[in-house]
Structures are given as structure tokens and as C-alpha cells.
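In order, the protein sequences belong to chains F and X.
Each residue of the first sequence is one higher than the last, beginning at 29 in our numbering.
Each residue of the second sequence is one higher than the last, beginning at 336 in our numbering.
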Amino acid sequence: AQKITQTQPGMFVQEKEAVTLDCTYDTSDPSYGLFWYKQPSSGEMIFLIYQGSYDQQNATEGRYSLNFQKARKSANLVISASQLGDSAMYFCAMRGSVSSGSARQLTFGSGTQLTVLP
Amino acid sequence: GAVVSQHPSWVICKSGTSVKIECRSLDFQATTMFWYRQFPKQSLMLMATSNEGSKATYEQGVEKDKFLINHASLTLSTLTVTSAHPEDSSFYICSARRASTGELFFGEGSRLTVL
């Protein structure tokens, strides 16, 4: 079974500062993918960044980077130069390998509500 | 990018009525679609996996007779909440898996309020 843990129900960050949102995971799959999504108050899920378990380098997408530490089973999201529009709920998610049968759906963490302060 | 459209985006209905929510992939074929339910300030919980041309696979604890899922074509899956009750009020989100690449795309969500 897969499990995603986000231990920060809420986070505050000053505008223009960087913030790290924590995510740890547990899986027995040898191959898996880790995702971060942003969900603003309107509800839609916005894909931010993806990290494959065999990727050698940490993923980066603009102001988003993923601090992937495989041995510690953590995949923290770093948002640099926070903007007011970054205020939203952020979800970490995992997708397992085809062989495990869990490849097809995402398992989500409980989310972190980020508030960017002016 | 790929677009997944959900309709309606919000619906209010009376207790006892049935409500149908559509999930449509607009510019790609989706052999698999997923339906999630999200309560306020909580995570997305997978309800069922919908495969084109076959019966949906429901997660444990989800009543298949309550939440009817149909995936009649490669671009459309529907979720019907039958005999809705106030406890069914929730945010329902679908995601579609692009057949050619395996990528997942989410719909905008549908907010159901049962009075």
C-alpha cells in the first residue's frame, strides 16, 4: 500500500520569500512517481511538478523545485520568491509502478494550506 | 495542454433526486478516468476507476449502486449520484488518463449541494 504524509496543515510565508512544503511517502514499489498539485479556492487541480523515482536530478519548474531525498522517502516542494497568488492548498501525490497494480491512480496527501502574506 | 471538462461545475438538488456529472476529455482519448470526492479542507479520495467499455472499479466503502459510473466512450465518463442525500454534498473531481502518454489531467470539479 502507498501512503503520502503531509505534516503541515497550514503554512505562512512572506511575499518574495521561499517556502518548503513537506511530503514524505511510503511505498514498496521499486518504481514510482511523485507529483505536486496546487488547488486554489476555485477547486481545480493544477499540476506543478513531477519527480520520477529513478530520476537522477531533482525536478524544477520555474519557481517550483522538488527536493527529492529517496533514502529518506521525502519529496518536499520548494517555492521560491512567493507571490500572493501562490496562496492555495498544495497536495503531494504518488503513483506506483505498473507491476504493483497501483500505477493507474494517484494517492494524495492531506494537503497543506499555504498563505502568502503581503 | 490537454483539457478535461466537467459539467456542471456546481449543482444544487433536492434530497432524493439523482444528479449526473459529466467528465469529458476535450482533445485526447482517455481509456481510464478516475472519480474523486473531496470534503471541505480535506484531501481527494478516490471513489472509482472508470475504464472505457467496461465496468468501473470501486474503492472499498464506495457504494456502486449509489454512485453509478459509465464510461461509454473514449472521451466521456459520467458519475450519477442516485437518490442524493445531504451527506452526499461534496466536491467531485474527475481525472482522465491520456491513452497515448499515460499523463493525468484533472477536470475543474463539480460542487454538489443536496438540500
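For each residue, glycine too, the CB sits at the ideal point set by N, CA and C.
Minimum Cβ-Cβ distance from PHE40 (chain F) to chain X less than 9 Å: no
For TYR92 (chain F), which beta-bridge partners are listed by DSSP? Secondary-structure assignment with DSSP links TYR92 (chain F) through a beta bridge to F:GLU89 and F:ILE107.
Taking only beta-carbon positions, decide if ARG359 (chain X) is within less than 9 Å of chain F. no
With DSSP as the reference, please indicate the residues paired to PHE402 (chain X) in a beta bridge. X:VAL416
Where MET368 (chain X) and ALA116 (chain F) are concerned, what is the direct C-alpha to C-alpha distance, given to the nearest angstrom? 25 Å
Could you please tell me which residues of the region 53-82 of chain F, in chain order, have their CB closer than 9 Å to any CB of chain X? PHE63, TYR65, GLN67, SER70, GLY71, GLU72, MET73, ILE74 and PHE75
Contact belief for LEU112 (chain F) with PRO146 (chain F) at Cβ below 8 Å, rounded distance in angstroms: 6 Å
Among X:ASP362, X:SER430, X:ASN405 and X:GLN373, which has the Cα closest to the Cα of GLY388 (chain X)? Of the listed residues, the one whose Cα sits closest to GLY388 (chain X) is X:ASN405.
Three CB pairs or more closer than 8 Å across the region 423-436 of chain X and the region 362-376 of chain X: Here the region 423-436 of chain X lies against the region 362-376 of chain X, with 3 or more beta-carbon pairs under 8 Å apart.
My parser needs the beta strand (DSSP E) runs of 3 or more residues fully inside the region 34-95 of chain F; what are they? The DSSP assignment places 38-42, 47-49, 52-54, 61-67 and 74-80 as complete runs of the beta strand (DSSP E) inside the region 34-95 of chain F, in order along the chain (cut-off: 3 residues).
In chain F, which residues lie with their C-beta within 7 Å of the C-beta of GLY441 (chain X)? Looking at the sequence provided, one finds Phe at residue 441 (chain X) rather than Gly. Chain F residues near PHE441 (chain X): GLU72 and MET73.
Compare the Cα-Cα distances from ALA407 (chain X) to each of X:HIS420, X:SER385, X:ASP423 and X:MET380 and report the closest residue. Comparing alpha carbon positions, the residue from X:HIS420, X:SER385, X:ASP423 and X:MET380 closest to ALA407 (chain X) is X:SER385.
Thinking C-beta only, is THR410 (chain X) closer than 9 Å to ALA360 (chain X)? Before going on, a small fix: residue 360 (chain X) reads as Ser here, not Ala. It is a contact, given that the beta carbons lie within the stated cut-off.
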